[in-house]
Each structure stands twice: as structure tokens, then as C-alpha cells.
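In UniProt numbering, the protein residues as written are 1 to 282. The beta-carbon is built from N, C-alpha and C at its ideal position, and this holds for glycine as well. The structure appears right after this line, and notes come after that.
This is the structure we're talking about:
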């Protein structure tokens with residue numbers, strides 16, 4: 001099941017590359033200006049850090065008021081921020097590719113639902129506002145006007161239904177996009193499993209879309225058991241049921257791997273600048 005790719009012209013390809021690069025890099029640039037909070041509400045620069053630790057007798061005696069310790073704090077918090085911002089960039093990029101390839105609107109590629117969560121015991125009798133929960137992308141087959149593209153998506157969903165032993169008919173798929181998933185956070189897993197149940201109840205296949213190959217194997221197994229289709233950032237697998245990049249190429253019709261390969265030099269140079277700024281002791 002391979003998509004018939006419509007080859008864009010050179011100008012269109014360059015314009016899309018520029019747009020997609022910016023979607024990935026814009027959130028990451030925020031990390032270059034990251035400053036630690038050091039337990040307070042506001043960010044702390046080098047002078048503030050030196051003062052806070054310099055007036056602490058133990059930290060001063062031990063040399064913790066060093067600019068190198070400040071750089072270490074920046075790096076520790078900044079690394080977490082980098083992974084988070086990469087995830088945001090991947091989510092935006094994925095959703096935009098769905099829009100561009102299937103000629104969908106922002107509303108059509110967005111999916112959310114309302115829940116009314118149980119309040120605290122002391123809130124009994126009070127009105128509870130519903131919460132809006134959302135996933136990162138959606139494709140409703142009926143929204144895809146190109147007949148060949150709609151057929152590819154439908155066939156892919158049917159193959160996923162068969163593999164996951166889902167008997168209910170499905171009208172499309174919803175996607176939760178992550179750059180990676182190394183955590184084994186049970187609270188997050190439970191929330192995602194609840195999302196899967198909601199998605200299936202609304203007639204959508206839930207798809208966990210990992211852009212890298214970084215995932216906790218036990219977590220991956222639990223998601224598959226919970227009726228999530230799990231796509232990984234593997235390449236050269238020729239497996240659209242399990243590979244994010246093969247799914248994008250063969251089903252969506254856009255070669256996302258080729259985009260990253262074309263733009264690797266620019267992406268790496270930008271990331272080098274971000275990391276250099278983050279690791280500076282100032």
C-alpha cells in the first residue's frame with residue numbers, strides 16, 4: 001500500500017521545507033533563553049544565583065555559588081525543556097502535514113471532547129465545569145476529498161482494526177504525537193488509555209505517534225493492549241502499521257523522512273546554537 005506521491009515543484013518544496021523547519025525550531029529557540037527558578041516563582045540569572053548561593057554559608061563554603069554550578073542548573077532544566085519543546089514542534093508539524101496533504105482545515109484536523117470530572121467531597125452540590133481534552137491530530141475519512149487518499153486511509157485503518165482486534169466500525173483516526181516516550185508515568189498512561197476509550201467510542205482509531213525510536217517497551221506493550229495503534233520513528237522498515245515515517249510516506253503521501261534528511265544540516269546547526277546558549281555560564 002504505497003501512496004502515489006504528487007511531486008511538488010522546487011519552489012513549493014522549498015516553501016514547505018521553510019515552513020516545516022520553523023514549526024520544529026520555533027519552540028526550541030525558547031530553550032536558549034532558559035533560566036532556572038531555584039525554588040522561587042521568578043527566573044534567576046547568574047548574578048541572582050551567585051547572590052542566593054553566596055549568602056548561604058554551606059553553599060558558599062562548598063563552592064556551590066560558582067558560575068559552573070549555575071550552568072549545571074541551566075543545563076538540567078533546559079534539557080527537560082528541550083525535549084518538551086521538540087514534542088510541541090513535532091505535534092505542530094504532524095498536524096500541518098495532515099492539513100497540507102489532505103487539504104483539510106484546522107478544525108478538521110483537531111479533535112477534542114468534554115468530560116465532567118469528579119470534584120472533591122467538599123464540592124458536593126456545586127456545579128462542575130466540564131473539562132476539554134484533546135489529541136494532537138485527526139483524520140476523518142469522509143473529510144478527505146481525494147478518493148485515492150481516502151481509500152488509503154480507510155484501508156490502513158481496517159488493517160489496524162484487524163491487528164488490534166477492534167470489531168467496531170471506525171470513521172477515522174486520531175493521533176497523539178510525541179517526540180519520544182521514555183517515561184513510565186502511570187498517571188499519563190491512565191489518561192491516555194482513557195483517551196483511547198473516548199476515541200473508540202466516537203468512532204476513531206487512537207494512534208500513538210512517536211517521532212523517535214525512544215519509548216519504554218513496557219509502556220508500548222500497555223498501550224497496544226489498550227487498543228492504541230503505536231507508530232515508532234523507525235526508517236527503512238516498509239511497515240506503515242508500525243512506523244511513523246512509513247505511515248506518513250505510504251498513507252498520508254508525504255515523505256517526512258526526506259524532509260528531515262534534506263534539512264538535517266540546518267536543523268543541526270540551529271540546535272547547536274541553542275545548546276551553546278543554554279550551556280553558557282551567564
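Backbone secondary structure at residue i - three-state DSSP
i	result
residue 216	coil
residue 121	Caution applies to residue 121, whose pLDDT of 48 falls short of 50 and renders its modelled position unreliable; the model cannot decide the point.
residue 281	coil
residue 209	strand
residue 157	helix
residue 236	coil
residue 186	helix
residue 270	helix
residue 276	helix
Those residues which DSSP pairs with residue i across a bridge
i	result
residue 228	Answer is none; residue 228 lacks a bridge partner.
residue 181	215
residue 172	140, 204
residue 114	132
residue 167	Bridge partners of residue 167: none, in fact.
Rounded Cβ spacing between residue i and residue j (contact assumed at less than 8 Å)
i	j	result
residue 222	residue 189	6 Å
residue 73	residue 36	4 Å
residue 17	residue 259	6 Å
residue 203	residue 170	6 Å
residue 159	residue 205	The pair is not a contact, with the Cβ atoms about 10 Å apart (cut-off 8 Å).
residue 143	residue 104	6 Å
residue 184	residue 216	5 Å
residue 149	residue 102	6 Å
residue 254	residue 97	5 Å
Would the stretch 81-91 and the stretch 106-115 be scored as touching if the rule is three or more Cβ pairs under 8 Å? no
Please go through the stretch 61-107 and give each complete alpha helix (DSSP H) segment of 4 or more residues, from N-terminal end onward. 67-102
Okay, do the stretch 163-181 and the stretch 129-137 touch, 3+ Cβ pairs below 8 Å being the bar? yes
Is there contact between the stretch 151-161 and the stretch 194-201, where contact requires at least three CB pairs shorter than 8 Å? no
For the stretch 63-81 and the stretch 25-36, state whether three or more C-beta atom pairs, one from each stretch, are separated by less than 8 Å. yes
Would you check if the stretch 51-64 and the stretch 253-265 touch, i.e. whether three or more CB-CB distances between them fall below 8 Å? no
With a cut-off of 8 Å, do at least 3 Cβ pairs link the stretch 206-219 to the stretch 230-240? yes
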